[in-house]
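*Asks:*
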Amino acid sequence: MKSLVLILLLFSYGFSQEQANSEVVNSEEAIQVVKDYFRAIENKDFERAKELSTSDYVIYEDGAIWNNDSLIQFIQSMPLASIEYEFRDFNVERDCNGAFINYMNHGVLTFNDSTKIDYNWIESAYVKKEDDQLKLRFLHSSLAK
164 MKSLVLILLL FSYGFSQEQA NSEVVNSEEA IQVVKDYFRA IENKDFERAK
214 ELSTSDYVIY EDGAIWNNDS LIQFIQSMPL ASIEYEFRDF NVERDCNGAF
264 INYMNHGVLT FNDSTKIDYN WIESAYVKKE DDQLKLRFLH SSLAK
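The number in this note's numbering is simply the position in the sequence shown, starting from 1, with 163 added.
In structure tokens form, the structure reads like this:
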């Protein structure tokens with residue numbers, strides 16, 4: 164009986180130590196990952212976009228499923244287009260593994276340096292702690308109505 168109590172105490176101590184060592188993800192840092200990812204897309208810095216996302220990153224947009232490779236291929240198919248993003252209304256729920264973020268995204272898509280189209284999206288993202296770094300794991304984007 165004493166050994167069972169001792170095992171339970173050691174297990175409880177180890178579990179509480181692990182929880183104490185696992186800090187909740189910082190909201191501002193998680194939001195910054197999302198912003199930095201979009202800045203990398205704006206700048207067509209695709210290596211940086213990949214660094215900011217997990218290897219299994221997926222995007223759900225307009226009924227399609229994308230990953231970094233398919234997104235990059237799509238962007239490269241429009242060399243005369245550029246986009247700028249502006250974010251607002253961030254809401255973050257977080258724990259020690261990551262953060263779920265939803266927000267509004269306004270984008271201005273420019274073609275041939277002259278034709279501009281405005282878009283407004285409602286987006287949600289999951290930023291995951293991976294090897295002590297925060298990385299974008301999932302993004303869902305819908306046109307705002």
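Positions of the beta carbon are idealized from the N, C-alpha and C atoms, including for glycine.
According to the neighbour-count rule (16 or more other Cβ atoms, all chains shown, within 10 Å of its Cβ), is alanine 183 buried or exposed?
*Replies:* Residue placement at alanine 183 is poorly supported in this model, since its pLDDT is 43, which falls under 50; the coordinates are not used for a value here.
*Asks:* Whose C-beta lies closer than 6 Å to the C-beta of glycine 270 among residues of the same chain, with five residues either side of it excluded?
*Replies:* Ile246, Tyr248, Tyr282
*Asks:* Mind checking serine 218: buried by the 16 CB within 10 Å criterion, or exposed?
*Replies:* When all chains shown are included, serine 218 counts as exposed.
*Asks:* Could you pull out every unbroken beta strand (DSSP E) segment of at least 3 residues lying fully inside the stretch 192-225, listed in chain order?
*Replies:* 216-224
*Asks:* For aspartate 276, does the three-state DSSP call read helix, strand or coil?
*Replies:* coil
*Asks:* Between which residues of its own chain and serine 287 is the CB-CB distance below 6 Å, once the five residues before and five after are set aside?
*Replies:* Asn265, His303
*Asks:* Just grab the DSSP bridge partners of valine 187 for me.
*Replies:* Paired residue(s): none; valine 187 is not in a bridge.
*Asks:* Does the distance from the C-beta atom of leucine 297 to that of serine 216 stay below 7 Å?
*Replies:* no
*Asks:* Straight-line CA distance for tyrosine 223 to asparagine 268?
*Replies:* 15 Å
*Asks:* With a Cβ-Cβ cutoff of 7 Å, do arginine 257 and valine 188 count as a contact?
*Replies:* yes
*Asks:* According to DSSP, is aspartate 252 helix, strand or coil?
*Replies:* strand
*Asks:* Pull the bridge partners of arginine 257 from the DSSP assignment, please.
*Replies:* Ala262
*Asks:* What residue range does the beta strand (DSSP E) around serine 305 cover?
*Replies:* 296-306
*Asks:* Counting only the same chain and skipping the five closest in sequence on each side, list residues whose C-beta sits under 6 Å from that of alanine 262.
*Replies:* Val188, Ala193, Val255, Val290
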